[in-house]
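Protein chains: 2
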Amino acid sequence: MGITIKEVAALAGVSAATVSRVLHNNSRISEKTKVRVRSAMEQLGYVPNIAARSLAGKSPRTLGIVLPNNSDELFKNPFFINAMRGISIYAQVHGYFLLYSFSQDEEEEVHFLDKYIHSGWVAGIILLTTRENDRCVSFLEKARFPFSMIGRPENLGNTLWVDNDNFHAMYQVVNHLLDKGHRRIGFVGGPASFRVTKDRLLGYRQALSGRGIDIEESLIFQGKDFSEEEGARGGRELLGKGRMEAFATTDDQLAFGVMEVCRKEGFDHLAVTGFNNTPRGLYQTPTLTTVDVQADLLGRRAAELIIDSLESEDPRRDHYIVETKLIERQSSYRRP
Amino acid sequence: MGITIKEVAALAGVSAATVSRVLHNNSRISEKTKVRVRSAMEQLGYVPNIAARSLAGKSPRTLGIVLPNNSDELFKNPFFINAMRGISIYAQVHGYFLLYSFSQDEEEEVHFLDKYIHSGWVAGIILLTTRENDRCVSFLEKARFPFSMIGRPENLGNTLWVDNDNFHAMYQVVNHLLDKGHRRIGFVGGPASFRVTKDRLLGYRQALSGRGIDIEESLIFQGKDFSEEEGARGGRELLGKGRMEAFATTDDQLAFGVMEVCRKEGFDHLAVTGFNNTPRGLYQTPTLTTVDVQADLLGRRAAELIIDSLESEDPRRDHYIVETKLIERQSSYRRP
DNA sequence: CTGTTAGCGCTTTCAC
DNA sequence: GTGAAAGCGCTAACAG
Numbered sequence: 033m034g035i036t037i038k039e040v041a042a043l044a045g046v047s048a049a050t051v052s053r054v055l056h057n058n059s060r061i062s063e064k065t066k067v068r069v070r071s072a073m074e075q076l077g078y079v080p081n082i083a084a085r086s087l088a089g090k091s092p093r094t095l096g097i098v099l100p101n102n103s104d105e106l107f108k109n110p111f112f113i114n115a116m117r118g119i120s121i122y123a124q125v126h127g128y129f130l131l132y133s134f135s136q137d138e139e140e141e142v143h144f145l146d147k148y149i150h151s152g153w154v155a156g157i158i159l160l161t162t163r164e165n166d167r168c169v170s171f172l173e174k175a176r177f178p179f180s181m182i183g184r185p186e187n188l189g190n191t192l193w194v195d196n197d198n199f200h201a202m203y204q205v206v207n208h209l210l211d212k213g214h215r216r217i218g219f220v221g222g223p224a225s226f227r228v229t230k231d232r233l234l235g236y237r238q239a240l241s242g243r244g245i246d247i248e249e250s251l252i253f254q255g256k257d258f259s260e261e262e263g264a265r266g267g268r269e270l271l272g273k274g275r276m277e278a279f280a281t282t283d284d285q286l287a288f289g290v291m292e293v294c295r296k297e298g299f300d301h302l303a304v305t306g307f308n309n310t311p312r313g314l315y316q317t318p319t320l321t322t323v324d325v326q327a328d329l330l331g332r333r334a335a336e337l338i339i340d341s342l343e344s345e346d347p348r349r350d351h352y353i354v355e356t357k358l359i360e361r362q363s364s365y366r367r368p
Numbered sequence: 033m034g035i036t037i038k039e040v041a042a043l044a045g046v047s048a049a050t051v052s053r054v055l056h057n058n059s060r061i062s063e064k065t066k067v068r069v070r071s072a073m074e075q076l077g078y079v080p081n082i083a084a085r086s087l088a089g090k091s092p093r094t095l096g097i098v099l100p101n102n103s104d105e106l107f108k109n110p111f112f113i114n115a116m117r118g119i120s121i122y123a124q125v126h127g128y129f130l131l132y133s134f135s136q137d138e139e140e141e142v143h144f145l146d147k148y149i150h151s152g153w154v155a156g157i158i159l160l161t162t163r164e165n166d167r168c169v170s171f172l173e174k175a176r177f178p179f180s181m182i183g184r185p186e187n188l189g190n191t192l193w194v195d196n197d198n199f200h201a202m203y204q205v206v207n208h209l210l211d212k213g214h215r216r217i218g219f220v221g222g223p224a225s226f227r228v229t230k231d232r233l234l235g236y237r238q239a240l241s242g243r244g245i246d247i248e249e250s251l252i253f254q255g256k257d258f259s260e261e262e263g264a265r266g267g268r269e270l271l272g273k274g275r276m277e278a279f280a281t282t283d284d285q286l287a288f289g290v291m292e293v294c295r296k297e298g299f300d301h302l303a304v305t306g307f308n309n310t311p312r313g314l315y316q317t318p319t320l321t322t323v324d325v326q327a328d329l330l331g332r333r334a335a336e337l338i339i340d341s342l343e344s345e346d347p348r349r350d351h352y353i354v355e356t357k358l359i360e361r362q363s364s365y366r367r368p
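Quick mapping for you: the protein sequence lines, in order, are chains A and B.
Sequential numbering of the first sequence, starting at 33, is according to the working numbering.
Sequential numbering of the second sequence, starting at 33, is according to the working numbering.
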């Protein structure tokens, strides 16, 4: 397999225990031996055997990540891969490995978590999405296993989380639409059970009432998922409610669906906005105004939270709010 | 952490060794005890500690995957995430965990492999891409560490690999273009050092000469990478070579670049084809004819090869050729 | 068929 | 400051 601690010890002329101490930067070890041991490790290309370390009671320095597999959202939306990359960057610097798996549904997710936890393979978990009454969250809390999550938890106990200010993001979007002169603005969101949907809906409501505009409940559509099809369904439904001016959606896929319907029905001048800044938005006509949620930064922060909490006894923070960026493109502007 | 083998043994009234034997389906163990042990495991919710198992000389049942981080190809092209999912599906069934990391460049890739190997954390590696004189391949071969790869290796010793028939795929594309009546067809490829580029170029050559068409070397462009910008550069260059009719590219991103240039220069009737079937191709005008390489199946097969070789002494196969699918859309048809 | 025992590589008391 | 020794949970001879 590889060089063991004993071989390093032999070359450096010390005991295995000493090598282990050098490895962990133990304070009471002479500079001289430190140097000697380090050069021995260097020479032999020593890499600690993680299994042994983990067995001996140390953290395996590995994080588990569960990816959803439902829908093709995963592939059309670079959110997850970006988040994974963000996680990877921080994990790398801190010497953590990353384990992943795709799951079909919530039950399977919990199943994976169970395996992760009891296998002794991982020190902590990162959850990339959050539902209402998320079984993963409750499972991890019950097991008292360290984790951090993207998305704000229902009741923040000691939970580590990172999220956008979804309320504010949508508030900003709707105000942007209002600034551009649109008044009768519909809301096309994903499942009502998702916290993001709720927060964004709230932002929508506040933005309108903040400008003294009455909210028409019939202009609020919440789909079964975040797909283009649901977007189309929502768009069609709202177009049936009389003269529309704009659609604030909670996802680019939904927005694409709405745009498609508008095109077909001859309303291609209506404003539409999305969320997530997927590449395709750039190639629509008109180009899609959207919100960049900074998935990589969300991932990085989530990694930061869990790793810091694993490493230090009194971690400095338990959450981060990651800024969103409104990407103003053509689709939100007033067009003839 | 969790239930240990001893606790299971105690409950079942046997020794730890027996439990271990049941775990591994050892033949000479009585049905009765098997049942008893299994129910004990069930009751306690026993999950083997992988670190201990791995330390005791068993395979850690974990695979390492190195993802490229260069360029944003990773995010625009769902190839990798699809391949990862394919891998995950097979790995899951066979009880394998998956480790991943993103790397900046070849050097870092090798660095990761080194860590993977010597950490004792992984039993095998899957490489998702292959360059010419790939340092990862040579590194793994030298270390005699089990791996499988997507892409055909330079010299297939015992290497496990899976690939499309890239020659045939491009051969098919070019014949399709010829069938549609195009004659003066340019080639816009990625870096010449990649095997895929070579194979596809060969397919291009063969298809033309097979129809008795002279190959103009000046119509062959090979870019620095697979980006849209390089595609545009290639497109511009070829448009300077006189009247073109079609462009066979080796990647959708390249194709998008070519289409953009054609549009700008007033040649939007020229045919263009891509590779990889990225979602954006559907939303181009005209919609992009492309080749689906079945990334998920490539991944699944790669996992199959490495896991099978790890599990059995005489694995049945050392490679798979995964079929490609020509997706005929508007961009390859003759337009006024 | 099943139990006993040694040992995988590392960390961690406990001595010195 | 450093070494010796025990032990983490599991597997694999070796006995019986």
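Here a beta-carbon is modelled for each residue, glycine too, at the ideal position from N, C-alpha and C.
query: Per DSSP, which one or two residues make a beta bridge with residue 351/A?
result: 193/A
- request: Report the neighbours of residue 132/A on chain B: residues whose CB is nearer than 7 angstroms to its CB, in chain order.
  value: 130, 132
query: Secondary structure at residue 157/B, three-state DSSP: helix, strand or coil?
result: Reduced to three states, the DSSP call for residue 157/B is strand.
query: Quick one, which of 287/A, 45/A, 276/A, 80/A has its alpha-carbon nearest residue 318/A's?
result: 287/A
- request: Figure out for me which residue from 34/B, 324/B, 351/B has the closest Cα to the Cα of residue 15/A.
  value: No information on residue 15/A is available, as it lies outside the stretch 33 to 368 that chain A covers here.
query: Do you know whose CA, among 146/B, 48/B, 60/B, 312/B, lies nearest residue 157/B's CA?
result: 146/B
- request: Ignore the nearest five residues each way along the sequence and tell me which others in residue 119/B's own chain have a CB closer than 8 angstroms to its CB.
  value: 95, 97, 130, 158, 331, 332, 334, 335
- request: Just the C-alpha distance for residue 284/A and residue 258/A, rounded to the nearest angstrom, thanks.
  value: 9 angstroms
Residue from 242/B, 227/B, 279/B, 225/B whose Cα sits closest to the Cα of residue 250/B: 279/B
- prompt: What's the C-alpha gap between residue 47/A and residue 69/A?
  reply: 10 angstroms
- request: Quick one: give me the first and last residue of the beta strand (DSSP E) that residue 182/A is part of.
  value: Looking at the DSSP string, the run of the beta strand (DSSP E) that includes residue 182/A is 179-182.
message: Just to confirm my understanding: we take residue 311/B, look at its own chain, exclude 5 residues before and 5 after, and list those with CB closer than 8 angstroms. What are they?
response: Around residue 311/B: 110.
8 angstroms Cβ shell around residue 84/A - same chain, five flanking residues per side excluded: none
query: How would you write the range of the beta strand (DSSP E) that residue 88/A sits in, first residue to last?
result: Where residue 88/A is concerned, there is no enclosing beta strand (DSSP E), given that its DSSP letter is neither H nor E.
- prompt: Does DSSP put residue 286/A in a helix, in a strand, or in coil?
  reply: helix
query: Skipping 5 residues on each side, what residues in its chain have a beta carbon closer than 8 angstroms to that of residue 115/A?
result: 160, 182, 327, 328, 330, 331, 334
- prompt: Thinking C-alpha only, which one of 260/A, 252/A, 197/A, 155/A is nearest residue 357/A?
  reply: Distances from the alpha-carbon of residue 357/A to those of 260/A, 252/A, 197/A, 155/A put 197/A closest.
- prompt: Since residue 266/A contacts residue 253/A with CB under 8 angstroms, what's their CB separation in whole angstroms?
  reply: Under the criterion of beta carbons closer than 8 angstroms, residue 266/A and residue 253/A qualify as touching, at roughly 4 angstroms.
- prompt: Just curious, the beta strand (DSSP E) that residue 241/B is in, first and last residue?
  reply: Here residue 241/B belongs to no beta strand (DSSP E); instead the alpha helix (DSSP H) covers 227-242.
task: Note the first and the last residue of the continuous alpha helix (DSSP H) segment covering residue 204/B.
output: 198-211
Sequence-distant residues of the same chain with beta carbon closer than 6 angstroms to residue 352/A, five excluded per side: Counting only Cβ-Cβ distances below 6 angstroms, and skipping sequence neighbours, we find 194, 333.
- request: With DSSP collapsed to three states, give me the class of residue 346/B.
  value: coil
- prompt: Can you find a CB in chain A that lies within less than 7 angstroms of the CB of residue 296/B?
  reply: no
task: Thinking residue 239/A and residue 206/A are a contact (beta carbons under 8 angstroms), I'd like their distance in whole angstroms, please.
output: Right, the Cβ-Cβ distance comes to about 4 angstroms (below 8 angstroms), so this counts as a contact.
task: Measure the C-alpha to C-alpha separation of residue 200/B and residue 232/B and round it to an integer number of angstroms.
output: 8 angstroms
message: Helix, strand or coil, according to DSSP, for residue 267/A in the structure here?
response: Looking at residue 267/A - three-state DSSP - the assignment turns out to be helix.
Contact with chain A by residue 118/B, beta-carbon distance below 7 angstroms: no
message: For chain A, check one thing: does any of its Cβ atoms lie closer than 7 angstroms to the Cβ of residue 45/B?
response: no
message: With a threshold of 7 angstroms between beta-carbons, can residue 357/B be considered close to chain A, or not?
response: no
task: Measure from the C-beta of residue 263/B to each C-beta in chain A and report whether the shortest distance is under 7 angstroms.
output: no
field: CB contact below 7 angstroms: residue 79/A versus chain B
entry: yes
task: Output, in chain order, the set of chain B residues within a Cβ distance shorter than 8 angstroms of residue 152/A.
output: Those within 8 angstroms of residue 152/A in chain B are 33, 34, 81, 82, 83, 84.
task: Measure from the C-beta of residue 113/A to each C-beta in chain B and report whether the shortest distance is under 7 angstroms.
output: True, the Cβ-Cβ gap to chain B drops below 7 angstroms.
- prompt: For a contact meaning CB atoms closer than 7 angstroms, what does residue 124/A contact in chain B?
  reply: 133
- prompt: Count the other CB atoms within 10 Å of the CB of residue 363/A; is the residue buried (16 or more) or exposed (fewer)?
  reply: buried
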